[in-house]
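Please read the structure below before turning to the comments.
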Amino acid sequence: MKFARLKVRGQDAGIEVSITQTMRERMRGLLGRDSLSSGEAMLLERCGSVHTFGMRFDIDVLFLDGHQRVVAIHHEVKKRRLLFNMRATQTLEMPAGATRKHGLAVGDSFVFEATS
Numbered sequence: 137m138k139f140a141r142l143k144v145r146g147q148d149a150g151i152e153v154s155i156t157q158t159m160r161e162r163m164r165g166l167l168g169r170d171s172l173s174s175g176e177a178m179l180l181e182r183c184g185s186v187h188t189f190g191m192r193f194d195i196d197v198l199f200l201d202g203h204q205r206v207v208a209i210h211h212e213v214k215k216r217r218l219l220f221n222m223r224a225t226q227t228l229e230m231p232a233g234a235t236r237k238h239g240l241a242v243g244d245s246f247v248f249e250a251t252s
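Counting in this note's numbering, the sequence shown runs from 137 upward without gaps.
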C-alpha cells in the first residue's frame, strides 16, 4: 500500500490517504476495520463501484474520474449498500461526515502527493 496527502484546490486538506496497489488490497478495502480517523481516507484505484457489506461503520464515498475530479459524492453510506458510477475510475472512502467537514464538492480536483 502507498500513502499520500490529499491536496484540494492547491491546499493540503490534512487527510492522509492509503492507496491500494493490488487487487487483494482493493477487495479488502476497509473490511475488518473498526473505524477511520477524521484525517484518514482510502483510495481504491481502478475502481468504479464499492459495497459496504461487512462494514462496521458508515462512510462517505467519493467517485473520481480519470483526471481525479470528483464526479459524485455519497454521504454517510450505511452498511449493506452497493454503489457504482459509470464515469468513475477511482473511489475515495472517508469517515462519514468528512466530505462536509472538509468542504469537498463535486467538481473538485484532487492531487495525491506521495508521502512514502
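Heads up, the beta-carbon is just placed ideally off N, CA and C, and yes, glycines get one too.
Rounded to the nearest whole angstrom, the C-alpha separation of R162 and E181 is 8 Å. If you ignore the 5 residues before and after L218, its C-beta comes within less than 6 Å of the C-beta of H187, all in its own chain and listed in chain order. One alpha carbon belongs to G168, the other to M191, and they sit about 7 Å apart. Per DSSP, R164 is one residue of the alpha helix (DSSP H) stretching across M159 to R164.
For the set I195, F220 and K138, the Cα lying nearest the Cα of L166 is the one of I195. The count of Cβ pairs closer than 8 Å, one atom from the region 150-158 and one from the region 171-180, reaches three, so the stretches are in contact. Between V206 and G243, the C-beta gap is smaller than 9 Å, which places the two residues in contact. With a cutoff of 9 Å on beta-carbon distance, K138 and F246 are scored as not near each other. Taken through DSSP and simplified to helix, strand or coil, T235 comes out as helix. A residue is called buried when at least 16 other Cβ atoms come within 10 angstroms of its Cβ; E249 does not meet this threshold and is exposed. Your pair T227 and C183 checks out as a contact, with CB atoms roughly 5 Å apart and the cut at 8 Å.
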